[in-house]
Amino acid sequence: MKIFIIPYTITTTNTKRPKNYLDDVGSQVIHIFNSHDFENLTNIASGGFSLVHVVYWKNTINKFAIKNFNENSKEDDIINEIKIMRVVASHPSIIQFCGITKFKDKPHYSLVLEYADGGTLKNHLRNNAKIKWESQLKFAKEIAAAILWLHGNAIIHGDLHPNNILIHQNTIKLADFGCSRLRGNEYYTKPRPRGIIPYMDPKILGNPESYDLTEKSDIYSLGVILWELTSCSSPFDGLARYLIKSEILKGTRENPIPNTNNKFVALYKVCWKQEPDERPEIRQVISELNSIEPNNFNSQETGDEDLCLSSCEVI
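Take a look at the structure:
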């Protein structure tokens, strides 16, 4: 293993790039791994700009996740992701950043990350149709705690959904900071209209070029994720993408699942409000989650008389 310091001389054609953009990262020591020391690369996830593989450290049983970027990835965005991970990865519910490596056949450096043995939250929910209420609440608290850590460090995740939330030893691990932005940084706060539609802030869906990502965008996504913890299914499942977008912009949301805790339902409903100012801050979310007893269902009975889609309501 070697030591690598991200240089200040990385070329860029972007003249609007802030002068202090690399300051924090450039002054930090980052491990660089020899790619030849990794064995048995197996693809476990893919996205628009990257592939994630699980690998074994040579001659050991130690596993890492390798995030490889494709040729369409921008160097600035990769540096931004490394910078953010260096700031936040010390939190127990955020995937650990271990260093970087370089494969000869890859155009960019790859990220070496902690491997999460439980896979994604999405797969966990699909494979466990009935998750105990105590586990639902535990996961909700861990996700919220990770978001609090981000927001406390002036970072907006920007792409929260169950495929970007991992599970390791039954603990939540927030991952994928490719869309994350530092609050107040002009170059990095402008969102790109990409993500998974049901989890995207309606303001971004409606005004992708003019609306800036905020902490309240993460809160909206969190609200949908909290609902999904109780449903174990994707929001608007089976509906075409363009119809999902249209319904969300009209204020349509999924109906609560029968026998869900009343306070939990009220919490995710306020999180996914259409207007950002009506959504709570993450500290308020955590306070409310902490007030819910894990052994007290206080369940809500819901019917289907108010449905406007197969299982949705308008707010």
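First residue of the sequence shown: 2, per the numbering used here; consecutive thereafter.
Backbone N, C-alpha and C define an ideal beta-carbon position, used for all residues, glycine too.
In this text, all values refer to a predicted model and were calculated from it rather than measured experimentally.
Task: residue 231, buried or exposed, once every other Cβ within 10 Å from all chains shown has been counted against 16 - done: buried
- [ ] Identify every run of the beta strand (DSSP E) within the stretch 252 to 279, keeping only runs that are complete inside it and at least 3 residues long; order them along the chain.
- [x] 253 to 255
- [ ] Give every residue of the same chain whose Cβ lies closer than 7 Å to the Cβ of residue 99, excluding the five residues on either side of it in the sequence, and list them in chain order.
- [x] 32, 65, 113, 114 and 115
- [ ] Take residue 283 and list the residues in its own chain whose beta-carbon comes closer than 6 Å to its own, dropping the five residues that flank it on each side.
- [x] 148, 149 and 152
Task: Pair within 7 Å by beta-carbon distance, residue 53 and residue 46 - done: yes
Open item on the list: Is the beta carbon of residue 155 closer than 7 Å to that of residue 94?
Closed with: no
Task: One or two residues paired with residue 69 in a DSSP bridge - done: 52
- [ ] Please name the residue or residues paired with residue 125 in a DSSP beta bridge.
- [x] In DSSP, residue 125 forms no bridge with anything.
Task: Whole-number beta carbon distance between residue 167 and residue 117, since they are thought to touch under 8 Å - done: 4 Å
Task: Contact check, residue 122 vs residue 295, beta carbons under 7 Å - done: no
- [ ] Report buried or exposed for residue 182, applying the criterion of at least 16 other Cβ atoms within 10 angstroms of its Cβ.
- [x] buried
Open item on the list: So residue 207 and residue 161 are supposed to be a Cβ contact under 8 Å. How far apart are they, rounded?
Closed with: Residue 207 to residue 161, Cβ: 19 Å. No contact.
Open item on the list: Does residue 355 pass the burial test, meaning 16 or more other C-beta atoms within 10 Å, or should it be called exposed?
Closed with: Outside the displayed span of the chain (2 to 316) sits residue 355, for which this structure offers no information.
Task: Same chain only: Cβ atoms within 7 Å of residue 222, ignoring 5 sequence neighbours per side - done: 161, 162 and 200
Task: Three-state secondary structure (DSSP) of residue 169 - done: strand
- [ ] Measure from the alpha carbon of residue 136 to the alpha carbon of each residue in 103, 171, 30 and 109, then state which is nearest.
- [x] 171
TODO: Please work out which residues of its chain come closer than 8 Å, Cβ to Cβ, to residue 216, disregarding the five sequence neighbours upstream and downstream, and give them in chain order.
DONE: 152, 157, 184, 282 and 283
Task: Member of 247, 38 and 255 whose CA lies at the smallest distance from the CA of residue 1 - done: Residue 1 falls outside the range modelled here, since the chain spans only 2 to 316, and no answer is possible.
Task: Rounded C-alpha distance that separates residue 97 from residue 30 - done: 15 Å
Task: Residue(s) in a DSSP beta bridge with residue 64 - done: 57
Open item on the list: For residue 68 and residue 111, which I take to be in contact (beta-carbon distance under 8 Å), what is that distance rounded to the nearest angstrom?
Closed with: 6 Å
Open item on the list: Looking at the secondary structure, which residues open and close the beta strand (DSSP E) in which residue 250 lies?
Closed with: Here residue 250 belongs to no beta strand (DSSP E); instead the alpha helix (DSSP H) covers 242 to 250.
Task: Three-state class that DSSP yields for residue 282 in the structure shown - done: coil
TODO: Give every residue of the same chain whose Cβ lies closer than 7 Å to the Cβ of residue 197, excluding the five residues on either side of it in the sequence, and list them in chain order.
DONE: 162
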